[in-house]
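Input: a single structure, listed below in structure tokens.
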Amino acid sequence: MDKVIGDAKKAFITGNETVAWAALAAGAEVMFGYPITPQNEVMHYWTRMAPKYNREFLQTEDEISAGFTVCGAVQSGKKAFTATAGPGNVLMQEPFGMAEAMRLPLVAVIQQRGGPSSGTVVYSQQEVTLTTFGGNGEGMRIVYSTATHQEIYDYTIKAFNVAWKHRFPTFVLGDGYQAKMREPMEMYDPIDKGIEMVAPYPLIGLGGEIGVDREPAHLCNIYSLEEELYEVVLKHAAEYEALSPSIVEWTEGECEDADIIILSHGVVSRAADDAVKALRAQGIKASYFRPITLRPFPQQALRDAIARSGAKKLLVAESAYGQLERLTRQEIYGETIKIETLFKPGVGIIDNDIINKVKSVL
Amino acid sequence: MVAPVTPKSWYLPTKPHKFCPGCGHGIVLKALGENIDELGIQDKTIFGCDIGCSLLSWNFFACDSTQTHHGRTTPVMVGIKRSRPELVTVGYMGDGGGYSIGSQHLVNAAVRNEKLTLILVNNTNYGMTGGQMAPTTLPGQKTETTPYGRDPELTGYPTKGPEFISAITPDSAYVARATVSKYKQLKRFIRNALRNQLEGNGFSFVEVLSTCPTNWRTNAQQTWHFLEDDMEKYFPVGEIKSPFGKGDKTNVAD
Amino acid sequence: MSLIRVALAGEGGQGVQSVAEILAEAAYNQNKQTIYIPNFGLEQRGGVSIAFIQVSDKRIGAPKFFKADIVVALSERAVERTTIYSDSNTIFVYDSGFKVPEEDLPKEAKKIVGIPALETANQELHPRVFNIIIMGAVIGLSNIVPFAAAKEALDHKLAYKFEKNPELRELNYRALQIGKELGEKALQEGVAV
């Protein structure tokens, strides 16, 4: 495969364009997609660049198809991905469920928009529940919530590696602001940076002569007996749980000694970061905790931060109406820290919003 | 000062409308509005629209209206008509909402001969999302997801919707293709499509060839040229199936 | 340099996003932290076009802001849409070519001032460089990027046009210069609120 990026180079591009470059650099061979704002430009850039690097594209008839075509492509051993948002994410839960059940290395980029239903085309953090626990399964997925374009680049590449190594569907969760805004980032060839690129392999179309070289591969996602399903789900759960400690990622700051911890993810964590600096300068002992993986959730790290800081309050700030809060509550069940909330569904959160809220609850 | 004459069934507080300059939607909606007036069905018409540029018509009419999801206008109209058959259900969608994500609903509604009137506006691209390929994009046509021109080897040939709808519906269905370049004919076809529902006959479907200079990136002259010389050549205009006599077959193949 | 937040708004077609992109690129070329985000909604055409630009030496937080340091509004509708971004620290600039009723101007601002960009474009330069004058004005008002950097970014963006017609380069540079002077002048004058 031709090198896409030579020497590392800086660029001032949108989040959507960043996704396209990262997928190319990661060696994704095919993208399937369907138009929905605000992720369309991922396709626009991919279709323009793909022919140069011998990659494929198909605009499918809808998102259900886009998800299932990715499932088919990865089953045949090709790195494949899709991108979607909002109602498209809802439709893709069916194929994402199949990927969970059949342990397929599906990669999807989600650019959150206002919900529910058609909501807005602009921005939100209202697809957390859907992306982490959507579908009719147990949420055996890996979800990275990015906050900067550099992270979009880094984690899109990582998503392919993690997906193909561990075979859980892997998501890069962005949002409309990240998708459409331009900020500086640096693109690089992952091999130059010493990143181990996991090679894809087929689950079907395995070559050789059936009956002579090998048995046929029979893949399924339905079982006759309850007990069969039970065994499968438990097996997957065990693998997922064993994997979690090496997969969880988070950042935290000023948690050595704090009165309040500000919990946020994605683009909101940038405002939280600024808010903490401003509050500390005013003598208020605020700290922040930012899960990068929403699935698996860094619950132990959060529990540790709560214990270490001595904080009495946890402020959950999100551009949704409680999705991060509900996820956090379930993960840190048993902690007695009081939870305060700053909910702004579909609306951006700036540092002053958080600063004012902190002052009002302390 | 002479004010433009607008149909009574148009909702004036939402005018001027939000469609782009040069867009054909306004022409189609005028033909529909005039028919609603002339047939006297304003009070019992339910207008449903899809996602895409058609969604801008959600508060266009002084009729009860519902905006649905992308491709789901047809089933929502089915639900309404089956529950309240005395209402006149008019579904409005684009080429994506009808032939792409909505195709399974369209096909099944047609097979069941649902007594709906569906109007599908075909401008060969996905307008509102920024000009991606549509099922009706012409071979060689450049769009945001076919930047080098649509290759039929890779993406198939443009969908000829009325033709396949005609193949799967009984003779009581009304199926036609109109164009915004021929207003009187457009108005007549929409009238027949409404009449077919009012008489309780069957499925009524009108595709309307329309313009999108914004995403085609064409000036006025180029816009009309593409519609009349390119689109109308590829998509024959006329009544493909009509319970009302032989129908206007000037352009369609026999 | 601490954070500078500029909101630029106008009718579709006035070149708001183009100007914002060039300014943001100029800042990026200077190795500043920069975020540029356009407003975007349902319609492809029509509506007020707003560009949000932030430039800083340090990493920038949220991509959008609720109060700007500078607001430039290029139409009556743009004025209406952007008064919410104005508080006691904001310099609110509008094109004096259209008359804005007193009650439509922001209730809170550090300064409210009209600049005759459209008039200058029409009478002294060319209507087409109206948005370049505005770009110059933003620089004059905020020093968001050095003048030379803006010139370079402009040159880069319009290189293909300048090649075909070298006179355009001079015209655009003059517009940028004149705009800068208009902006600097406005800083001194203007109605304190």
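Residue numbers (the working numbering), protein chains in the order written: chain R, 251 to 612; chain C, 96 to 349; chain D, 367 to 559. Just so you know, even glycine gets a beta-carbon here, dropped at the ideal spot from N, CA and C.
(request) Examine chain B for any beta-carbon lying closer than 8 Å to the beta-carbon of residue 239 (chain C), and answer yes or no. (result) Any reference to chain B falls outside this structure, whose protein chains are R, C and D.
(request) Just mark residue 565 (chain R) as buried or exposed, buried being the case when its beta carbon has 16 or more other beta carbons within 10 Å. (result) It is buried - the Cβ of residue 565 (chain R) has at least 16 other Cβ atoms within 10 Å.
(message) Would residue 290 (chain R) pass as an interface residue toward chain C - the criterion being a Cβ-Cβ separation below 8 Å?
(response) yes
(message) Which residues does DSSP list as the beta-bridge partners of residue 144 (chain C)?
(response) Looking at the DSSP assignment, residue 144 (chain C) forms a beta bridge with C:162, C:187.
(message) Here's the rule I'm using: 16 or more other beta-carbon atoms within 10 Å means buried, otherwise exposed. How should residue 475 (chain D) be labelled?
(response) buried
(request) Indicate whether residue 613 (chain R) and residue 598 (chain R) have their beta-carbon atoms separated by less than 8 Å. (result) An answer regarding residue 613 (chain R) cannot be provided, because it is not within the stretch 251 to 612 covered by chain R.
(request) May I have the straight-line CA-CA distance separating residue 120 (chain C) from residue 374 (chain R), to the nearest angstrom? (result) C-alpha separation (whole angstroms): 31 Å.
(request) Please list the partners that residue 224 (chain C) has in chain R, where partner means a Cβ-to-Cβ separation under 8 Å. (result) 285, 286, 287, 290
(request) Would you kindly work out how many angstroms separate the C-alpha atoms of residue 458 (chain D) and residue 473 (chain D), rounded to a whole number? (result) 11 Å
(message) Short of 8 Å in beta carbon distance, which residues of its chain neighbour residue 150 (chain C), apart from the five on each side in sequence? Order them along the chain.
(response) 144, 162, 223
(message) Tell me the rounded alpha-carbon separation between residue 390 (chain R) and residue 207 (chain C).
(response) 40 Å
(message) List, in chain order, every chain D residue whose beta-carbon is nearer than 8 Å to that of residue 262 (chain R).
(response) 390, 391, 394, 400
(request) Could you tell me the boundaries of the alpha helix (DSSP H) in which residue 284 (chain C) lies? (result) 278–293
(message) Can you tell me whether residue 217 (chain C) is helix, strand or coil according to DSSP?
(response) Reduced to three states, the DSSP call for residue 217 (chain C) is strand.
(message) Any beta carbon from chain D within less than 8 Å of residue 309 (chain C)'s own beta carbon?
(response) yes
(message) Contact criterion: CB-CB distance below 8 Å. Does residue 428 (chain D) meet it with respect to chain R?
(response) yes
(request) Between the Cα of residue 309 (chain R) and those of C:331, C:232, C:304, spot the shortest distance and give me the residue it belongs to. (result) C:232
(request) Go ahead and label residue 607 (chain R) buried or exposed: buried means 16 or more other beta carbons lie within 10 angstroms of its beta carbon, across all protein chains shown. (result) buried
(request) Starting from the C-beta of residue 416 (chain R), find all residues in its chain whose C-beta is less than 6 Å away, skip the five residues before and the five after it, and write them out in chain order. (result) So the qualifying residues of the chain are 493.
(request) Determine the DSSP secondary structure at residue 460 (chain D), reduced to helix, strand or coil. (result) The DSSP-derived three-state label of residue 460 (chain D) is strand.
(message) Quick check for students: name the residue ranges of the beta strand (DSSP E) that lie wholly in the region 467–544 of chain R, counting only runs of 3 or more.
(response) 500–503, 510–513, 536–541
(message) Can you pull the chain R neighbours of residue 221 (chain C), defined as C-beta to C-beta under 8 Å?
(response) 285
(request) Can you tell me which of the three DSSP states residue 312 (chain C) falls into? (result) coil
(request) Using 10 angstroms around the beta-carbon of residue 263 (chain R), count the other beta-carbons present and answer buried if the total reaches 16, otherwise exposed. (result) Taking all protein chains in view, the Cβ of residue 263 (chain R) is crowded by 16 or more other Cβ atoms within 10 Å, so the residue is classified as buried.
(request) Could you check if residue 586 (chain R) is buried or exposed, using at least 16 other CB atoms within 10 Å of its CB as the buried criterion? (result) exposed
(request) Taking only beta carbons into account, state which residues of the region 98–122 of chain C come closer than 8 Å to chain D, listed in chain order. (result) 113, 115, 116
(request) Taking 8 Å as the threshold, find out whether the region 414–431 of chain D comes into contact with the region 391–402 of chain D through three or more Cβ pairs. (result) yes
(message) If you follow the beta strand (DSSP E) that residue 167 (chain C) is in, where does it begin and where does it stop?
(response) Note, residue 167 (chain C): premise wrong, no beta strand (DSSP E); not H, not E.
(request) Taking a Cβ distance cut-off of 8 Å, strictly less, list which residues of the region 312–338 of chain R are near chain C, in chain order. (result) 312, 313, 337
(request) Within the same chain, show all residues whose beta-carbon is closer than 7 Å to that of residue 324 (chain R), passing over the 5 residues directly before and after it, in chain order. (result) 330, 354, 355, 356
(request) List the residues of chain R that residue 407 (chain D) touches, going by C-beta distances under 9 Å, in chain order. (result) 370, 371, 372
(request) Just mark residue 304 (chain R) as buried or exposed, buried being the case when its beta carbon has 16 or more other beta carbons within 10 Å. (result) exposed
(message) Just to confirm, is the Cβ distance from residue 537 (chain R) to residue 505 (chain R) under 8 Å?
(response) yes
(message) Alpha carbons only, please: which of C:202, C:197, C:170, C:245 is nearest the one belonging to residue 147 (chain C)?
(response) C:197
(message) Quick check: residue 337 (chain R) and residue 165 (chain C), are their CB atoms within less than 8 Å of each other?
(response) One thing to note: residue 337 (chain R) has its Cβ within 8 Å of the Cβ of residue 165 (chain C).
(message) Just list the residues that DSSP pairs residue 399 (chain D) with in beta bridges.
(response) D:422
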